[in-house]
Structures are given as C-alpha cells and as structure tokens.
Amino acid sequence: MKKTISKGSAIALCAVMMLSGCTSIKNTWDGMTQAGQGATAGGGIGAAVGTGVGALIGGGKGAWIGALVGGALGAGTGALVGNSMDKQKKALEEQLSQVKAQSDQNSQAIDDIKVQMVKDRNDLDAIKVVMGNSVLFPTNSYKLSSEADAALNSLAFNLKQFPNTDVTVVGYTDNTGAESYNMTLSENRAQSVVNYLEAHGIAAGRLKAIGKGEADPVASNSTVQGRAENRRVEIYITADKQMIQQAEQGKI
Numbered sequence: 002m003k004k005t006i007s008k009g010s011a012i013a014l015c016a017v018m019m020l021s022g023c024t025s026i027k028n029t030w031d032g033m034t035q036a037g038q039g040a041t042a043g044g045g046i047g048a049a050v051g052t053g054v055g056a057l058i059g060g061g062k063g064a065w066i067g068a069l070v071g072g073a074l075g076a077g078t079g080a081l082v083g084n085s086m087d088k089q090k091k092a093l094e095e096q097l098s099q100v101k102a103q104s105d106q107n108s109q110a111i112d113d114i115k116v117q118m119v120k121d122r123n124d125l126d127a128i129k130v131v132m133g134n135s136v137l138f139p140t141n142s143y144k145l146s147s148e149a150d151a152a153l154n155s156l157a158f159n160l161k162q163f164p165n166t167d168v169t170v171v172g173y174t175d176n177t178g179a180e181s182y183n184m185t186l187s188e189n190r191a192q193s194v195v196n197y198l199e200a201h202g203i204a205a206g207r208l209k210a211i212g213k214g215e216a217d218p219v220a221s222n223s224t225v226q227g228r229a230e231n232r233r234v235e236i237y238i239t240a241d242k243q244m245i246q247q248a249e250q251g252k253i
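In the numbering used here, the protein residues as written are 2 to 253.
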C-alpha cells in the first residue's frame, strides 16, 4: 500500500526533488497516492518549488489551468468531477458533429478540431479543445473568420449547458517573424476567442486569455505543414471552485 505524505513532508520532499532533477521528480510524484500529490501541489510551498511540481501535473500543461485549490482532493471528488467533465466532452463532440452534418461549408473546419481529456493543476479531469489557425483566423490576423462562427457557437452553447466550468484560451503561433510580434498576435487571438464567447453569453469571470507566442510547438517549424499545426488555439475547460466543492460534498 502506498503511504500518503503529510503537508510538511511534502514541502521537504519538493525541495529535495527540485535539487535531484526532473527524472527524480517524476518518479517520486508517480509513487505518491492522489492525496499525497494533492498535498504536494496544494501546500504552502515556495514559488520555485511550486513551479517544479506544478509542471508535472497534466504533462506540463496543467500548471496554469484550473481553479487553485489547496490541500488534498479525495479520490471520490476526482471521480465525480471526472464524470461531469466526461459528460460535457461527449456533449461537445456531439454538438460539433451536428454542425458538420448541417453544413458542407464547415465540414473540414469541424474535422480539424480535436477534443480530448487532460488534467488540470489539481490533477482533475479537464477538456482540451484544439482549433487550428485555418478554422479561426486569416493569416497574420486576429479577426475571427466566418468559419469560426459554427465552432465557437457550439462551444458557447456547450458552456451554457455546463455552467460550473472555467475556460482558459491559449493562443500560439509558428516561429515565422519576430518573437515579440508572435507573442502579441497570440495574445490577441486568444482574446478574440474570449471576446466572442463573452458576446455569446458566457460570463467574463469564467474566461481567461493567454498568449504563448511561438512557445510549445507541437510540430517542426521547418516545414509548411508543421508551421500550420503550430498556429493554433487551445481551449481548456476546467472544473470551477463551485463544482469542486459540490463534488467534495457528493452533490454532483
């Protein structure tokens, strides 16, 4: 049986892990129970140590998504949140399929959208939606294209159906052009998506825009196809604090 570490032990362990390298961090993290992981990630630890642990959650993608919840979350809480997020993911996939069936014009755009399950900073299930640049924006622009309407309308409808979730929109570019220009363009593109969702009835308090510029490429920037894949917007749908509280109380 795995042993859950205390908050104080977690702090000490974090410091040791930071000194011992990434492989040691991952091995130690994987060896913990969920409660131990929650205590480590949620405890009152220094910024540098917290960053090191946070980067492990969700394969490095969960460090900045999801409501910040301190302390351990039980397995029951995780299961209930996971069930709710799975329902939302399936509903979104169905809604996108219906849009594709109703319009040949949007068929390719919808095909290019990827919906998958990931983890947030609390190691809770979250939904990741990847929309390629060709779906949303003309070249070197942050003005949403006409093809974006169908996809984002479906997303807005889905978010209204599942109100206890937050949304983080992250914009990316390829490495063509100046790094500072790419950062600004990515920020503007993420904000354009946030503005669209807000204009279509999603509360501003649920929405956050982040620009990552040419960071975190998913393909090689040395080819045309690779650069096209890197020009994208990633949308993360995560449990909000109310959903987590309800799950802890067994009310969802």
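Just so it is clear, CB atoms sit at the ideal spot from N, CA and C, and this is done for glycine as well. Bear in mind the structure is a predicted one, so any value in this text is a computation, not a measurement.
- T140 counts as exposed, since fewer than 16 other C-beta atoms from the protein chains shown sit within 10 angstroms of its C-beta.
- Three or more Cβ pairs drawn from the stretch 181-193 and the stretch 136-151 lie within less than 8 Å of each other, which places the two stretches in contact.
- In this chain, Q117 is not harboured by any alpha helix (DSSP H); it is covered by the beta strand (DSSP E) spanning K115 to K120.
- In terms of Cα proximity to F163, the closest of T177, T174 and A204 is A204.
- A contact is defined here as three or more CB-CB pairs under 8 Å, and the stretch 63-77 meets this definition with respect to the stretch 121-134.
- Leaving aside the five residues that flank E249 on each side, the residues in its chain whose CB is nearer than 7 Å to its CB run, in chain order, T78.
- Cβ atoms of L153 and Y197 come within 8 Å of each other, at about 5 Å.
- Excluding residues up to 5 positions away in sequence, N165 lie with their Cβ nearer than 6 Å to the Cβ of Q243 in the same chain.
- Under DSSP, A127 shares a beta bridge with V119.
- Ranking Q89, T177 and A73 by CA distance to the CA of Y237 puts Q89 first.
- In the structure shown, V219 adopts coil according to DSSP, grouped into three states.
- The beta-carbon separation of R233 and M132, rounded to 7 Å, stays under the 8 Å limit for a contact.
- Inclusion of A157 and G202 in the CB contact set at 8 Å is warranted, their separation being smaller than that value.
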